[in-house]
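For the record, the sequence lines run as chains A and B. So the number in this note's numbering is just where the residue sits in the first sequence, counting from 1, plus 5. So the number in this note's numbering is just where the residue sits in the second sequence, counting from 1, plus 39. Heads up, the beta-carbon is just placed ideally off N, CA and C, and yes, glycines get one too. Bear in mind the structure is a predicted one, so any value in this text is a computation, not a measurement. Only one structure is covered here, and it is reproduced in the block below.
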Amino acid sequence: MTDSSFQDPRSNNTQNTRTLSILVENRFGVLSRIAGLFSARGYNIESLTVAGSSDPGLSCITMVVRCEALLAQQILKQVNKLPNTVEAVDLTDTNCVERELVLVRVHAPEEKRTTLLTEAEIFRARVVTATPENYVFEVTGDSGKVEAFLDVVRPYGIDEMVRTGKVALHRALGAKTSGN
Amino acid sequence: MSAQMNKRHPLAGKRMTGAEMIIQVLAQEGVDTIFGYTGGAILPTYDAIFRYNIEHEANKSEQMQLIVPANEQGAGFMAAGYARASGKVGVFMVTSGPAATNSVTPIRDSMADSVPVVLICGQVARSAIGSDAFQEAPVFNVMSPCAKHVFLVEEPEDLEATVRTAFGIARSGRPGPVVIDVPKDVQNWEGVFKGEGILRFRGYENRMKALAEARLLPEECAEFLNLLKKSERPLICAGGGVISGEAAVHLRQFSEKFQIPVVTTLMGIGSVDTTNELSLHMLGMHGTAYANYAVMDCDFLITIGARFDDRVAGKVQEFAPNARFLAHIDIDAAEIGKVKSVTWSHVGSAREALIDIMQEGKSFKKDFSKWIEHIRGLKKQHILNYDRESEKIQPYHVIECLNEITLGDAIICTGVGQHQMWAAQYFNFKNPRSLLTSGSMGTMGFGLPAAIGAQMAFPDRLVIDFDGDGSMRMNLGELETTTTYELPVKIIVLNNLGDGMVRQWQRLYFGKRFSGTDKSLRRKNFVKTAEADGFEYAVRLNDKAKLKETLQEFISFKGPAFLEVMIDPEADVYPMVGPGMGYQEMMTGDYIVSRTSEEGIFEKTSKPSESF
Numbered sequence: 006m007t008d009s010s011f012q013d014p015r016s017n018n019t020q021n022t023r024t025l026s027i028l029v030e031n032r033f034g035v036l037s038r039i040a041g042l043f044s045a046r047g048y049n050i051e052s053l054t055v056a057g058s059s060d061p062g063l064s065c066i067t068m069v070v071r072c073e074a075l076l077a078q079q080i081l082k083q084v085n086k087l088p089n090t091v092e093a094v095d096l097t098d099t100n101c102v103e104r105e106l107v108l109v110r111v112h113a114p115e116e117k118r119t120t121l122l123t124e125a126e127i128f129r130a131r132v133v134t135a136t137p138e139n140y141v142f143e144v145t146g147d148s149g150k151v152e153a154f155l156d157v158v159r160p161y162g163i164d165e166m167v168r169t170g171k172v173a174l175h176r177a178l179g180a181k182t183s184g185n
Numbered sequence: 040m041s042a043q044m045n046k047r048h049p050l051a052g053k054r055m056t057g058a059e060m061i062i063q064v065l066a067q068e069g070v071d072t073i074f075g076y077t078g079g080a081i082l083p084t085y086d087a088i089f090r091y092n093i094e095h096e097a098n099k100s101e102q103m104q105l106i107v108p109a110n111e112q113g114a115g116f117m118a119a120g121y122a123r124a125s126g127k128v129g130v131f132m133v134t135s136g137p138a139a140t141n142s143v144t145p146i147r148d149s150m151a152d153s154v155p156v157v158l159i160c161g162q163v164a165r166s167a168i169g170s171d172a173f174q175e176a177p178v179f180n181v182m183s184p185c186a187k188h189v190f191l192v193e194e195p196e197d198l199e200a201t202v203r204t205a206f207g208i209a210r211s212g213r214p215g216p217v218v219i220d221v222p223k224d225v226q227n228w229e230g231v232f233k234g235e236g237i238l239r240f241r242g243y244e245n246r247m248k249a250l251a252e253a254r255l256l257p258e259e260c261a262e263f264l265n266l267l268k269k270s271e272r273p274l275i276c277a278g279g280g281v282i283s284g285e286a287a288v289h290l291r292q293f294s295e296k297f298q299i300p301v302v303t304t305l306m307g308i309g310s311v312d313t314t315n316e317l318s319l320h321m322l323g324m325h326g327t328a329y330a331n332y333a334v335m336d337c338d339f340l341i342t343i344g345a346r347f348d349d350r351v352a353g354k355v356q357e358f359a360p361n362a363r364f365l366a367h368i369d370i371d372a373a374e375i376g377k378v379k380s381v382t383w384s385h386v387g388s389a390r391e392a393l394i395d396i397m398q399e400g401k402s403f404k405k406d407f408s409k410w411i412e413h414i415r416g417l418k419k420q421h422i423l424n425y426d427r428e429s430e431k432i433q434p435y436h437v438i439e440c441l442n443e444i445t446l447g448d449a450i451i452c453t454g455v456g457q458h459q460m461w462a463a464q465y466f467n468f469k470n471p472r473s474l475l476t477s478g479s480m481g482t483m484g485f486g487l488p489a490a491i492g493a494q495m496a497f498p499d500r501l502v503i504d505f506d507g508d509g510s511m512r513m514n515l516g517e518l519e520t521t522t523t524y525e526l527p528v529k530i531i532v533l534n535n536l537g538d539g540m541v542r543q544w545q546r547l548y549f550g551k552r553f554s555g556t557d558k559s560l561r562r563k564n565f566v567k568t569a570e571a572d573g574f575e576y577a578v579r580l581n582d583k584a585k586l587k588e589t590l591q592e593f594i595s596f597k598g599p600a601f602l603e604v605m606i607d608p609e610a611d612v613y614p615m616v617g618p619g620m621g622y623q624e625m626m627t628g629d630y631i632v633s634r635t636s637e638e639g640i641f642e643k644t645s646k647p648s649e650s651f
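Written as structure tokens, this is what we have:
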């Protein structure tokens with residue numbers, strides 16, 4: 006499977022979403038301080054994931070924000086000033102891999118189960134649990150793939166859905182451009 | 040970060056309370072004055088100050104003076120005044136809840152003007168946090184977006200290192216305010232004092248290290264010098280960063296060596312001697328006409344430690360329209376290209392950058408004498424002026440008379456409004472750190488407490504609070520603080536019976552409807568107020584003929600003195616570049632010669648923009 010096979014135009018810059026990766030010290034209050042830099046300017050955060058990094062003392066925040074590249078750069082510079090920030094970069098136009106995990110409960114009546122499973126197979130979506138009425142699928146991929154999968158299952162009827170939000174990582178060392 | 044002790048602290052290994060540790064670290068950091076107001080959640084630490092001072096009874100110079108304001112906001116501005124005047128970290132200490140929220144304004148003000156202060160707040164005990172306890176406020180959350188950094192001390196073992204680290208963060212890089220929220224049980228906790236150690240901030244430490252090492256490479260200097268060579272009309276715009284970066288001496292050398300004239304921002308006033316031939320005073324909304332014309336005429340603008348604030352740049356696209364090159368030196372990477380994109384930039388200390396360029400430019404030669412001649416002409420032609428024949432006391436005249444007494448050597452503190460701009464325009468300032476003013480936030484009421492703080496830092500210098508009636512009302516309670524500590528601050532209130540600056544805008548843009556700004560019917564008696572607060576010199580001046588002698592007797596009065604001057608309530612601040620407008624639309628009023636009226640080439644068509 007290649008990542009490019011599911012490139013969705015919505016995931017590129019024409020819609021001005023920026024994927025920001027911020028490495029911070031794992032202390033309380035850091036997240037709200039960073040989120041505050043966006044909210045103070047009236048920008049909504051589209052998705053947000055925070056979890057440990059390869060260094061136990063540090064956490065990695067991946068944020069998707071809908072704003073202009075220049076503004077994202079300015080906010081990143083402000084983020085880069087916070088004492089708790091180790092590094093903040095804009096990954097949007099860099100050579101990185103992006104993934105998101107979605108759990109989605111889809112209507113799966115007896116007569117549609119076979120086609121549903123076949124279609125899910127295209128996206129390598131797994132059935133994690135099932136009831137007589139529903140399947141719960143787990144699908145992982147970049148936002149293009151995830152959106153395409155959701156488009157396919159939507160006609161069956163989506164009951165409920167949760168998404169982790171995007172995480173992103175450089176393919177190679179030195180592939181990034183800093184917010185500075 | 041914090042100064043590492045070479046020797047073991049004499050008290051290292053001793054058991055003491057958290058409160059005592061706070062005071063020991065303050066002593067280690069060289070704190071001689073604490074401004075603050077006590078209360079339930081900070082009681083243990085105030086008690087520790089009291090006991091510390093008793094222990095040091097024999098050597099008064101080691102004691103920490105405690106200055107108690109009328110309101111915590113006053114304490115914050117006193118600490119800020121102390122820091123702005125001295126360059127040292129100002130310290131204030133307040134209790135939890137309302138005291139902490141009263142401190143938000145000075146914290147935000149210090150952030151906006153890059154002033155290093157440390158605020159120690161008491162907080163309810165850890166077990167009570169989040170329970171809506173008595174006098175509880177979410178200090179961490181409230182202060183976070185306003186301060187450079189906020190600590191909530193959760194682990195008592197970290198307390199000592201936290202206080203030390205706070206000082207390091209406040210003074211490093213672009214300086215700013217740091218808040219330490221200390222729960223009461225952490226103050227009462229007992230543990231072993233280490234006498235050393237800081238908290239580690241690896242990203243921040245690396246960035247500070249990089250900043251400290253950021254010298255200009257010879258080729259970068261050459262690039263700069265090349266731009267200078269190509270230009271005919273270079274102009275320096277110096278901001279507060281030159282002052283906080285202790286680069287004023289170098290800026291003066293730089294300007295002299297290359298023969299480049301200097302305009303300053305409000306925060307940059309004093310970075311060059313305003314009486315120097317190459318100084319053009321302040322630029323911007325209320326800058327001098329000649330400074331603003333020089334900005335319009337220059338072909339190379341060299342901005343140092345300034346940030347193209349909206350009060351400076353006006354309409355950004357039209358700012359410095361003839362500048363073919365722009366150079367920007369700042370210690371804050373986020374300021375480069377934030378408002379205006381530049382040709383050449385350097386992130387690092389202004390001082391080192393200026394030294395490096397001067398070093399590389401030793402043999403640089405370029406004759407700017409035609410430009411200097413032009414500047415001289417501008418200064419002569421568009422000199423600040425006012426109605427000198429008026430019967431009423433003109434505020435500008437008051438300052439001119441004061442200049443004859445102070446000779447540019449006093450520390451001038453101001454409130455916010457017309458009087459602040461007049462002070463910036465008409466006072467002479469020979470030295471950096473001699474105009475203390477709330478530049479970015481524009482906090483009315485700043486002047487008096489800042490003057491108290493400055494006087495604490497420099498007991499023997501002449502400190503003047505040059506205030507307006509509106510600003511004076513804001514922190515009026517601090518009049519009493521002045522006399523309580525017998526601080527010889529000279530307080531002069533220019534009374535124009537209302538909020539003059541707002542009235543000026545109402546005259547210009549709101550059809551002279553003075554909504555909320557006319558205080559002529561108010562019954563306030565400032566002189567009686569000052570007398571009631573213990574001022575032995577409290578005088579109201581109405582008579583223009585007595586201005587000089589009254590000012591002389593007011594300034595030479597030993598001890599706190601209060602002078603109210605009834606000025607012409609119609610006096611306005613000119614020049615004025617309307618909000619969001621370009622410099623070519625500058626209004627110069629009736630007494631300053633305008634270039635537009637001479638040449639008539641610019642049409643005044645624009646309306647003030649939304650960025651009021």
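Exercise. Considering only the beta carbon of each residue, do Ile-343/B and Leu-393/B sit closer than 9 Å?
Worked result: yes
Exercise. Ends of the alpha helix (DSSP H) at Trp-383/B?
Worked result: From DSSP, Trp-383/B is part of no alpha helix (DSSP H) but of the beta strand (DSSP E) over 383-386.
For this session: Measuring only between beta-carbons, confirm whether Val-55/A sits less than 9 Å from chain B.
Result: Using a CB distance cut-off of 9 Å, Val-55/A does not count as an interface residue toward chain B.
Exercise. Under 9 Å between C-beta atoms, does Ser-148/A make it to chain B?
Worked result: So, not an interface residue.
Problem set entry | Nonlocal neighbours in the same chain, by C-beta distance under 7 Å from Asp-71/B, ignoring five residues either side | Closer than 7 Å at Cβ, skipping near neighbours: Met-103 and Gln-104.
For this session: To the nearest angstrom, report how far apart Tyr-622/B and Val-301/B are at their CA atoms.
Result: 17 Å
For this session: Taking all protein chains shown into account, decide if Leu-487/B is buried (16 or more other Cβ within 10 angstroms of its Cβ) or exposed.
Result: buried
Exercise. Just the Cα atoms here: how many angstroms apart are Met-6/A and Glu-124/A?
Worked result: Below a pLDDT of 50, predicted positions are generally treated as unreliable, and Met-6/A, at 35, falls in that range; the measurement from the model is reported next regardless. Taking the straight line from one Cα to the other gives about 16 Å.
For this session: Please work out which residues of its chain come closer than 6 Å, Cβ to Cβ, to Glu-357/B, disregarding the five sequence neighbours upstream and downstream, and give them in chain order.
Result: Gly-621
Exercise. Quick check: the segment 257-264 of chain B against the segment 394-405 of chain B, are there 3 or more CB pairs under 8 Å?
Worked result: yes
For this session: Report the residue ranges of all beta strand (DSSP E) runs contained in full by the segment 161-197 of chain B; include only those spanning at least 3 residues, in chain order.
Result: 188-191
Problem set entry | Buried versus exposed call for Arg-203/B [16 or more other C-beta atoms within 10 Å across all chains shown] | By the neighbour-count criterion, in which a residue is buried when 16 or more other Cβ atoms sit within 10 angstroms of its Cβ, Arg-203/B is buried.
For this session: For Ala-373/B, return the contacting residues in chain A, with the cut-off set at a CB-CB distance below 8 Å.
Result: Gln-79, Lys-82, Gln-83, Asn-85 and Lys-86
Exercise. Do Ala-205/B and Gly-492/B have their C-beta atoms closer together than 9 Å?
Worked result: no
Exercise. How about Tyr-85/B and Ala-66/B: do their beta carbons lie closer than 9 Å?
Worked result: no
Exercise. Do Gly-234/B and Arg-390/B come within 9 Å of each other at the CB atom, strictly closer than that value?
Worked result: no
For this session: Starting from Tyr-702/B, follow the alpha helix (DSSP H) in both directions and report where the run begins and ends.
Result: The question about residue 702/B has no answer here: the residues shown for chain B are numbered 40 through 651.
Exercise. Is Val-189/B close to chain A, meaning its C-beta is less than 9 Å from at least one C-beta of that chain?
Worked result: yes
Exercise. Since Asp-164/A contacts Glu-103/A with CB under 8 Å, what's their CB separation in whole angstroms?
Worked result: So it is not a contact: roughly 26 Å between Cβ atoms.
Problem set entry | Beta-carbon proximity of Ile-81/B to Gln-226/B, cut-off 9 Å | yes
Exercise. Shortest alpha-carbon distance to Val-311/B belongs to which of Leu-340/B, Phe-297/B, Val-281/B and Asp-336/B?
Worked result: Taking only the C-alpha atoms, the option nearest Val-311/B is Val-281/B.
Problem set entry | Contact set between the segment 172-188 of chain B and chain A, restricted to residues whose Cβ is under 8 Å from the partner | Phe-179, Asn-180, Ser-183, Pro-184, Lys-187 and His-188
For this session: Throw me the rounded Cβ distance for the Val-32/B and Gly-507/B pair, which I believe falls under 8 Å.
Result: Residue 32/B lies beyond the range of chain B shown here (40 to 651); nothing can be said about it.
For this session: Name the residue from Gly-619/B, Asp-152/B and Ala-139/B whose alpha carbon lies nearest to the alpha carbon of Gly-126/B.
Result: Asp-152/B
Problem set entry | Cβ neighbour criterion (16 or more within 10 Å) applied to Pro-145/B | Buried, by the Cβ-count rule.
Exercise. Can you list, in chain order, the residues of its chain whose CB lies under 7 Å from that of Glu-637/B, leaving out five sequence neighbours each side?
Worked result: A caution first: Glu-637/B carries a pLDDT of 48, below 50, which makes its placement in the model too unreliable to give a value.
Exercise. Contact check, Met-324/B vs Met-615/B under 8 Å by CB: the rounded distance?
Worked result: 6 Å
Problem set entry | Element boundaries [beta strand (DSSP E), containing Ala-113/A] | Ala-113/A -> no beta strand (DSSP E), and no H or E assigned at all.
Problem set entry | Distance between Phe-89/B and Glu-59/B (C-alpha atoms, nearest Å) | 10 Å
Exercise. Alpha carbon to alpha carbon, what distance is there between Tyr-613/B and Arg-634/B?
Worked result: 14 Å
Exercise. What residues of chain B sit near Val-91/A, judged by a beta carbon separation below 7 Å?
Worked result: The contacting residues are Arg-241 and Gly-242.
Problem set entry | Which listed residue (Thr-90/A, Ala-173/A, Arg-32/A and Val-151/A) has its alpha carbon closest to that of Val-167/A | Val-151/A
Exercise. Is the beta carbon of Leu-238/B less than 9 Å from the beta carbon of Asp-197/B?
Worked result: In this structure, Leu-238/B sits near Asp-197/B, with a CB-CB distance shorter than 9 Å.
For this session: Could you tell me which chain A residues have their CB closer than 9 Å to the CB of Ile-208/B, listed as they occur along the chain?
Result: Pro-88
For this session: Consult DSSP for Pro-273/B and reduce its assignment to one of helix, strand or coil.
Result: strand
Problem set entry | Residues that Lys-377/B contacts on chain A, provided the C-beta gap is smaller than 7 Å | Listed along the chain, the chain A residues whose CB falls inside 7 Å of the CB of Lys-377/B are Gln-79.
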